[in-house]
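Chains as they are written, first to last, in our numbering: chain V, 1 to 252; chain R, 1001 to 1481. Have a look at the structure below, then the notes.
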């Protein structure tokens, strides 16, 4: 589904990603771990198309298409979803209207007839229950005045609504208490199928207790330096990132 | 909840979709302005002597006045002798039914989405259609008459209800008030008149639709709304004009009188032709709108969505004379390309415990300039008066300007006056967030701007709110990129 080859990214003359390789297949959950400032969020931004980088080279192929050539909104319409680390407030725009607008765009892009008002509301309520979103939250403006936990729940709700093929969860666990974490993780697990894939970006192992990954990648110094199963996350948690320096798969 | 997607779909359609010109046979007079022209207009309208006198006094006053220059506007000099002051679609002496109206005219209004055929009105909005200088058709007059409501063209009111017109004309905006007010008082040609009798709640929205069609003409309408004790009316006003390279002058007056316990809600969606992307053409919109809360517990509420005109100079105001009376002003003003707007409100507190609210949302894009100018005045007898003002500016791009000029003048120590102001931009983060959900740049901006203006849009009657949301998005097309 996603093939990243030799990805180099720099911003303001500083190289952040230095030859990253990653391969994600349908049905898989990949965790990307690593200390702060190693380029985890940059990876999420580059996949989704955020245009803030000076120089991007390498290859990102998604469903056989060259992602670099696609506009941000087209990548989204093709099924790439980012759960933001810091969800943005859009005052005065209700989540209902926001999702309606987004869903209609995606349907039109795919040549499908957008949902009618009634169909939309039914779908909206189904998804709301799936991620245990309170009714009250749905009528409020997008992220406006939301607590950290509410924002993250709202991201997962949007993910449920848009039903992406590739979801990237950027530090979705940060700022969540244990109950909220469980709700968010349950939502993600319910949305998991053999058709879609998830990339979980985190620097704690905690979230991976709930969303169990098939692969754990350690991002360090702009490259993936070690890949393993879920046990790698425990090892990291126990031994710290310093340990990785001596046990990398590749030369640092 | 309005269907924002459908609205957004229409965003990409066209720049200014009301820019067409209708081929209507028009009767015009010679260009230029002098006492003879004022007399000619009055004669054409078969007016009583007192009204001619009123016009002439106004004209003489106007000649002594100077064009105001205090607004934050660059106004090219206007040659008042190069304007036609009267243009009217040719018609039969009296119009008894719609069949007698020029089909081209009906077609014009159909194109604008306004059906003049009563049975086709789904929402039950009574319309007075004013094209160039003359009211061509007022719908539902008979239905409204059953309630004792008078809703007709201004000219008709002068003929049929001269006592009411004479009593109230100029009682809120005297002809001496300001330059453009004096000009209007001298040459106004038509407009709408509305009287709601005591205790009557008007059963439908009343609306005036203004259309400029003829070239080189000025449009000077006059609207007078009188709400007698305990009555209620909601009034809508819409405006469009053809796309032309030269500028056209529009100088209107709206006067509202609310007696004891009466409430008037006045909503405007102003979409005069704004000029092209290089700033050529467009309407100069110099309008005086003022309401008098004459009696105790009366309320006047102005809501405006201003997207059109090359230059807008407009300050819908409330004089809160009656004790416990309430004045409200909700505004969204959008400027793009080379448009300039200097708009806001005045709240004059005279009575005790009078309350006013001002919510202004300015949106500037392109190379435009958008100013809020507001005055809150608390007189010495206005014990317990309260005002809350909120002025927000949203900037799109880095070549436009937003300005705020609040004036507060309090002569009573018990008054509470609050003023809040913010200036913001659409952030890249917001745009990226919307795009990541599948919306393209323009739709994202449309959505964000509509959210920003929602507080004001919520004040509009339903039929207008949808129209206004589309307009906001269309007006900002191509403003980022």
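Each residue gets a CB set at the ideal place from its N, CA and C atoms; glycine is no exception.
Per DSSP, the continuous beta strand (DSSP E) segment holding residue 1347/R begins and ends at 1340-1349. For residue 1200/R, no alpha helix (DSSP H) encloses it, and the DSSP letter there is neither H nor E.
In chain order, 16, 53, 54, 55 place their CB closer than 7 Å to the CB of residue 10/V, counting only its own chain and leaving out the 5 sequence neighbours on each side.
For residue 1377/R, there is no enclosing alpha helix (DSSP H); the enclosing beta strand (DSSP E) has its first and last residue at 1369-1378. The three-state secondary structure of residue 1313/R, taken from DSSP, is strand. According to the DSSP secondary-structure assignment, residue 1402/R is paired through a beta bridge with 1370/R. Shown here, residue 1432/R sits in a helix according to DSSP, grouped into three states. Of all residues in the segment 78-92 of chain V, the ones placed with a Cβ closer than 9 Å to any Cβ belonging to chain R are 80, 81, 82, 84, 86, 87, 88, 89, 90, 91, 92, in chain order. For the segment 47-68 of chain V, the set of residues with a beta-carbon nearer than 7 Å to any beta-carbon of chain R comprises 48, 50, in chain order. Within the DSSP secondary-structure output, residue 1270/R pairs in a beta bridge with 1239/R, 1306/R. For the C-beta of residue 76/V, the chain R residues within less than 9 Å are, from N- to C-terminus, 1435, 1436, 1437, 1438, 1439. Contacts between residue 171/V and chain R, judged by CB atoms closer than 8 Å, are missing: the closest CB pair is about 16 Å apart.
The three-state reading of DSSP puts residue 1257/R in strand, counting E and B together. Under DSSP, the beta-bridge partners assigned to residue 55/V are 10/V. DSSP, read as helix, strand or coil, puts residue 1087/R in strand. The alpha-carbon separation between residue 1063/R and residue 1192/R amounts to approximately 27 Å. With a beta-carbon spacing of about 24 Å, residue 1221/R and residue 1259/R fall beyond the 8 Å limit used to define contacts. Per the Cβ contact rule, the segment 1356-1372 of chain R is in contact with the segment 1327-1338 of chain R (3 or more Cβ pairs under 8 Å). The Cβ atoms of residue 80/V and residue 166/V lie closer than 7 Å to each other.
For residue 1395/R, the enclosing beta strand (DSSP E) covers residues 1386-1395. Contacts between residue 12/V and chain R, judged by CB atoms closer than 8 Å, are missing: the closest CB pair is about 16 Å apart. In the three-state reduction of the DSSP assignment, residue 1224/R falls in the strand class, which pools E and B.
Shortest Cα-Cα distance from residue 25/V to any of 74/V, 202/V, 4/V, 88/V involves 4/V. Nearest CB-CB separation between residue 106/V and chain R: below the 7 Å threshold.
Between the beta-carbon of residue 1253/R and that of residue 1073/R there is about 19 Å, and that puts the pair past the 8 Å contact cut.
Within the segment 173-193 of chain V, no residue has a Cβ lying closer than 8 Å to any Cβ of chain R. Cβ-Cβ distances below 8 Å link residue 212/V to 29, 230 in the same chain, with the five nearest sequence neighbours on each side left out; the list follows chain order.
Annotation: Cβ neighbours of residue 1448/R in chain V (cutoff 8 Å, chain order): 90, 93. In this structure the segment 1294-1307 of chain R lies against the segment 1256-1274 of chain R, because at least three pairs of beta carbons, one per stretch, are closer than 8 Å. For the segment 150-162 of chain V, the set of residues with a beta-carbon nearer than 8 Å to any beta-carbon of chain R comprises 158, 162, in chain order. The C-alpha of residue 38/V lies about 11 Å from the C-alpha of residue 32/V. Excluding the 5 residues flanking it on each side, residue 1198/R has same chain C-beta neighbours closer than 7 Å at 1228, 1229, 1230, 1231, in chain order.
According to DSSP, residue pairing for residue 1208/R in a beta bridge involves 1128/R, 1237/R. For residue 1248/R, the enclosing beta strand (DSSP E) starts and ends at 1247-1250. Between the alpha carbons of residue 1344/R and residue 1377/R lies a gap of roughly 14 Å. In this structure, DSSP gives residue 134/V a state outside helix and strand, which the three-state scheme calls coil.
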